[in-house]
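Residue numbers (the working numbering), protein chains in the order written: chain G, 75 to 227; chain U, 75 to 227. All residues carry an ideal CB built from backbone N, CA and C; glycine is no exception. Have a look at the structure below before the remarks.
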């Protein structure tokens with residue numbers, strides 16, 4: 075029985091997950107597999123790019139966020155997944171050696187119009203560095219099972 | 075000297091990259107590292123979810139797309155990266171054994187208002203299966219170096 079259902083999310087609620095240390099080795103390994111651009115692979119090449127030095131692939135940052143929210147609350151919830159996400163912004167580079175945390179803000183909760191056993195929760199996710207500076211921000215709506223299926227009048 | 079600069083992109087142009095076979099092993103390995111939800115890890119557990127069977131993490135699909143466009147054109151271009159992306163929609167599950175291709179459509183090209191040596195290209199990216207069904211779609215704007223920096227009148 076999962077701990078969190080749709081009824082447990084309230085707009086305005088903020089939760090923080092982490093920290094997690096991001097190493098140079100994992101940044102380079104991820105880039106070699108999925109995003110082999112010089113700015114994610116090699117310090118010398120990266121210094122000549124807009125990043126001004128080695129930084130994680132933006133996709134890597136998103137994947138780390140996914141893992142941290144999975145461990146943080148998703149795996150202990152009635153989550154039914156998400157249809158996608160919106161407005162992903164890579165604001166600042168994620169540098170090797172950074173301890174990241176995830177700030178999750180509940181923006182909106184609404185019942186599903188078609189499925190009484192399901193509800194929707196819109197979140198803002200922020201990846202923060204040690205100085206609470208936001209490196210990446212995105213919004214996404216997830217589907218959760220309800221503890222009490224809606225009964226229509 | 076990269077082959078593609080900002081001037082080489084034209085609205086309406088369509089390119090296809092791939093195919094690339096996506097195996098069960100890589101789907102499970104990615105999920106174990108970044109998105110350990112049952113629907114991405116285990117056939118029996120996945121059959122009870124909305125996916126109706128094992129399917130790749132949506133983030134995995136995005137990362138495969140990134141790798142395929144990197145090999146397809148980004149690494150042979152003057153790409154300066156992207157500030158993020160928009161409207162990612164995971165429309166259908168990516169199943170083990172699927173040969174995916176990427177369809178890239180140029181939506182818009184415009185000069186940078188602040189940097190004469192740079193231009194912006196807005197793309198739509200679609201992940202297609204063998205039947206040309208779209209599994210995932212997203213849009214994103216990338217920055218490219220110009221072959222000829224703009225000269226202001």
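Endpoints, alpha helix (DSSP H) assigned at residue i
i	result
residue 121 of chain U	117-121
residue 172 of chain G	Element bounds for residue 172 of chain G: not the alpha helix (DSSP H) but the beta strand (DSSP E), 172-185.
residue 225 of chain U	Counting along the chain, residue 225 of chain U falls outside any alpha helix (DSSP H), and DSSP gives it neither H nor E.
residue 113 of chain G	Element bounds for residue 113 of chain G: n/a, residue is neither H nor E.
residue 139 of chain U	132-146
Residue range of the beta strand (DSSP E) that includes residue i
i	result
residue 204 of chain G	No beta strand (DSSP E) contains residue 204 of chain G, which DSSP labels as neither H nor E.
residue 159 of chain U	158-164
residue 96 of chain G	88-96
residue 75 of chain U	First-last for residue 75 of chain U: undefined, no H or E at that position.
residue 217 of chain U	208-219
residue 154 of chain U	153-155
Rounded distance between the beta-carbons of residue j and residue i, thought under 8 Å
i	j	result
residue 196 of chain G	residue 210 of chain G	That belief does not hold up - the Cβ atoms of residue 196 of chain G and residue 210 of chain G are roughly 17 Å apart, past 8 Å.
residue 140 of chain G	residue 108 of chain U	5 Å
residue 190 of chain U	residue 223 of chain U	5 Å
residue 119 of chain U	residue 113 of chain U	7 Å
Short Cβ contact (9 Å threshold) for residue i with residue j
i	j	result
residue 208 of chain G	residue 137 of chain U	no
residue 127 of chain G	residue 117 of chain G	yes
residue 80 of chain G	residue 152 of chain G	yes
residue 180 of chain G	residue 88 of chain G	yes
residue 159 of chain G	residue 162 of chain U	yes
residue 93 of chain G	residue 174 of chain G	yes
residue 176 of chain U	residue 142 of chain U	yes
residue 178 of chain U	residue 204 of chain U	no
C-alpha gap between residue i and residue j, whole angstroms
i	j	result
residue 219 of chain G	residue 76 of chain G	10 Å
residue 155 of chain G	residue 149 of chain G	11 Å
residue 90 of chain G	residue 185 of chain U	39 Å
residue 101 of chain G	residue 225 of chain G	49 Å
residue 99 of chain U	residue 130 of chain U	10 Å
residue 202 of chain G	residue 78 of chain G	24 Å
residue 166 of chain U	residue 198 of chain U	17 Å
residue 110 of chain G	residue 135 of chain G	15 Å
residue 206 of chain G	residue 83 of chain G	24 Å
residue 44 of chain G	residue 194 of chain G	This structure cannot settle anything about residue 44 of chain G, because the visible part of chain G is limited to 75 through 227.
residue 123 of chain U	residue 115 of chain U	12 Å
residue 125 of chain G	residue 221 of chain U	21 Å
residue 121 of chain U	residue 182 of chain G	29 Å
residue 145 of chain U	residue 172 of chain G	29 Å
residue 168 of chain G	residue 157 of chain G	26 Å
residue 192 of chain U	residue 192 of chain G	46 Å
residue 164 of chain U	residue 164 of chain G	20 Å
Check: residue i C-beta below 8 Å from any heavy atom of the ligand GDP
i	result
residue 166 of chain G	Of ligands this structure carries none, so the ligand GDP is not represented either.
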